[in-house]
Amino acid sequence: MASCRCCGSWRCAICAAEAAALPAFSLSVSKDSVLLLRRLFARVLFVCLSAVAVLPAAAQMQMPQPPEVAARAYLLMDVTTGQVLAAKDPDEPVEPASLTKLMSAYLVFDALKSGKITLTQTFPVSERAWKMPGSRMFIDPKMQVPVEDLIKGMVVQSGNDATVALAEGVGGSVERFVQMMNDQAQVLGMSRSGFRNPEGLTAPGHVTTARDLATLATRLMRDFPQYVSYYAIQRYRYPGTPAANDMNRNLLLFRDPSVDGLKTGHTNAAGYCLVATSRRQVAGLGEGAQGERRLLSVLLGATSENVRAAETQKLLNWGYTAFDAVRLIPAGEAVVSPRVWKGKAAVVKLGRPEGVVVSVPAGEGARLKTEVVRPEPLVAPFTRGQALGSLRVSLASGAVVTEVPLTVLETVEESGVVGRAWDSIRLWIQ
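In this note's numbering, the protein residues as written are 79 to 508.
This is the structure we're talking about:
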């Protein structure tokens with residue numbers, strides 16, 4: 079193997095390009111001139127090919143870069159589309175502090191929804207609840223407190239006493255309620271979370287992640303929309319208790335009218351934490367609730383109450399300005415209607431009952447590309463609501479923005495014996 083003529087090393091990339099580019103240069107010029115021209119052309123070719131090689135990677139670098147956020151971990155999610163817009167260490171285990179009360183609230187709301195308890199029902203205040211340290215609602219064992227007031231005490235005042243009273247009333251005991259919390263975490267897919275108490279005080283093994291908290295908050299809002307309004311209450315005090323702790327610690331409720339929740343948390347180990355949600359009307363999505371876009375921010379480990387509010391506001395504002403919400407398919411409209419075999423209908427309609435809305439970098443909405451990904455062949459029966467395929471959404475560069483699951487919009491029953499037999503033959507021929 080010959081050494082490189084330009085650098086003395088074994089066949090460099092430039093010489094390889096030179097050999098490929100001008101294998102038969104035979105003009106009547108001096109040997110040195112030919113070598114010089116070849117080397118010059120090869121260098122130009124090498125630079126051009128290098129530029130082309132990096133174009134795909136550069137073209138995909140079109141996703142907006144999030145701002146610098148002063149927090150241990152965070153996650154920003156578009157609840158309307160289900161897409162994560164930005165994150166930092168979203169799977170890092172951290173202490174949740176009073177964000178724990180989101181899971182406690184989930185179980186209380188579930189008990190209300192199932193009829194196990196009612197809002198007007200009263201719970202006693204145990205000695206254990208009364209003696210809870212930290213933030214309090216200031217209830218005492220002489221009181222019988224309605225469930226709705228305990229919820230407000232837990233949500234607005236972050237009362238550890240109110241939370242324990244609810245845990246005992248719903249679970250029978252704090253220990254049983256904690257087991258219910260961990261069971262529910264598994265059901266929701268919060269695989270990195272472990273709860274040791276209902277209020278969020280520091281305890282070994284009491285951890286969660288930004289991603290798990292986003293999952294919990296999203297499900298809480300979706301499963302119990304009738305109770306989300308509690309989180310927007312700015313002030314609350316139970317009659318007969320001192321007014322020392324009556325203000326909601328979520329400062330964004332007082333600064334941004336689009337913010338309507340959810341929960342703050344703080345311990346020395348956890349730092350200052352905030353799960354905040356905001357909804358704003360967006361042109362082009364529709365009227366009323368159809369035109370609303372909701373973002374969710376989970377911010378963990380900030381250094382102060384003001385910092386967690388300011389950094390959360392920064393994330394929310396960035397999410398609304400850096401990304402557009404684009405409605406690709408109206409509610410109930412089929413994305414695609416592919417051929418069905420062995421069914422009473424010729425096609426099956428695939429889409430989403432609520433339509434398809436995606437978050438894309440601002441200004442990219444008109445250049446989106448979509449592709450339906452589905453199994454083949456499609457053999458009946460299919461039931462309405464059954465998951466079947468997905469819609470892959472990409473930017474013009476080819477970068478995949480999201481993949482939206484599709485469901486069957488109308489049931490397709492299995493055809494009769496003759497129809498199934500005939501389609502079996504046709505499938506075999508194919």
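Here a beta-carbon is modelled for each residue, glycine too, at the ideal position from N, C-alpha and C.
- Spatial neighbours of Ala310 in its own chain (CB-CB distance under 7 Å, excluding positions within 5 residues in sequence) are listed in chain order as Leu331, Asp338 and Gly339.
- Between Val256 and Ser271 the beta-carbon gap is near 12 Å, outside 8 Å, which marks them as no contact.
- Restricting attention to beta strand (DSSP E) runs no shorter than 3 residues, the segment 150-219 encloses them at 151-156, 161-166 and 200-202, ordered along the chain.
- In the three-state DSSP reduction, Phe302 falls in the coil class, being neither helix nor strand.
- In the DSSP assignment, Ile407 is bridged to Val434.
- DSSP lists Val425 as the bridge partner or partners of Arg417.
- Note: Thr355 is bridge-paired with Gly339 and Leu374 in the DSSP secondary-structure output.
- Counting the other Cβ atoms within 10 Å of the Cβ of Val451 gives fewer than 16, which makes it exposed.
- Within the same chain, and ignoring the five residues on either side of Gly397 in sequence, the residues whose Cβ sits closer than 6 Å to its Cβ are Leu154, Leu163 and Leu373.
- Taken through DSSP and simplified to helix, strand or coil, Ala465 comes out as strand.
- The beta carbon of Ala412 sits closer than 7 Å to the beta carbons of Lys427, Leu428, Gly429 and Leu487 from its chain, once the five residues preceding and following it are set aside; these are given in chain order.
- When DSSP states are grouped into helix, strand and coil, Leu329 belongs to the coil group.
- For Arg313, the secondary structure class from DSSP, reduced to helix, strand or coil, is strand.
- Rounded to whole angstroms, the Cβ separation of Ala465 and Glu491 is 18 Å, and the two are not in contact under 8 Å.
- A residue is called buried once 16 or more other Cβ atoms fall within 10 Å of its Cβ, and Thr319 is buried on that count.
- Sequence-distant partners of Gly463 (beyond 5 residues in either direction) whose C-beta falls short of 7 Å from its own C-beta, in its chain, are Thr485 and Val486.
- Under the 8 Å Cβ criterion, the segment 315-329 does not count as touching the segment 196-206, having fewer than three qualifying pairs.
- Thr280 and Thr345 do touch by the CB rule: their CB atoms are close to 5 Å apart, below 8 Å.
- For the pair Leu377 and Thr296, the Cα-to-Cα distance works out to about 15 Å.
- Beyond the five residues adjoining it in sequence on each side, Ile507 comes within less than 7 Å, by CB distance, of no other residue in the same chain.
- In this structure, Ala348 sits away from Pro171, with a CB-CB distance that is not shorter than 8 Å.
- Going by DSSP, Gln222 is part of no alpha helix (DSSP H) but of the beta strand (DSSP E) stretching over Gln222 to Pro224.
- Ser472 is bridged by DSSP to Lys447 and Val478.
- Met258: member of the alpha helix (DSSP H) spanning Val252 to Leu266, first to last residue.
- For Ala348, the three-state secondary structure derived from DSSP is coil.
- Residue pairing by DSSP puts Pro439 in a beta bridge opposite Phe401.
- Counted as a single uninterrupted DSSP element, the stretch harbouring Thr287 is not any alpha helix (DSSP H), since DSSP gives it neither H nor E.
- Between the beta-carbon of Ser437 and that of Asp156 there is about 5 Å, and that keeps the pair under the 8 Å contact cut.
- Looking at the DSSP output, Pro483 sits in a beta bridge with Ser468.
- In the three-state reduction of the DSSP assignment, Glu492 falls in the strand class.
- Distance from the CA atom of Trp419 to the CA atom of Leu266, rounded to whole angstroms, is 35 Å.
- As a beta-bridge residue in DSSP terms, Phe460 pairs with Val490.
- By the Cβ-count criterion, Ile503 is exposed, with fewer than 16 other Cβ atoms from all chains shown falling within 10 Å of its own Cβ.
- Following the DSSP letters along the chain, one finds Thr241 inside the alpha helix (DSSP H) bounded by residues Asn238 to Gly249.
- Taken through DSSP and simplified to helix, strand or coil, Ala388 comes out as helix.
- Contact between Val234 and Tyr314 holds: their C-beta atoms lie close to 4 Å from each other, under 8 Å.
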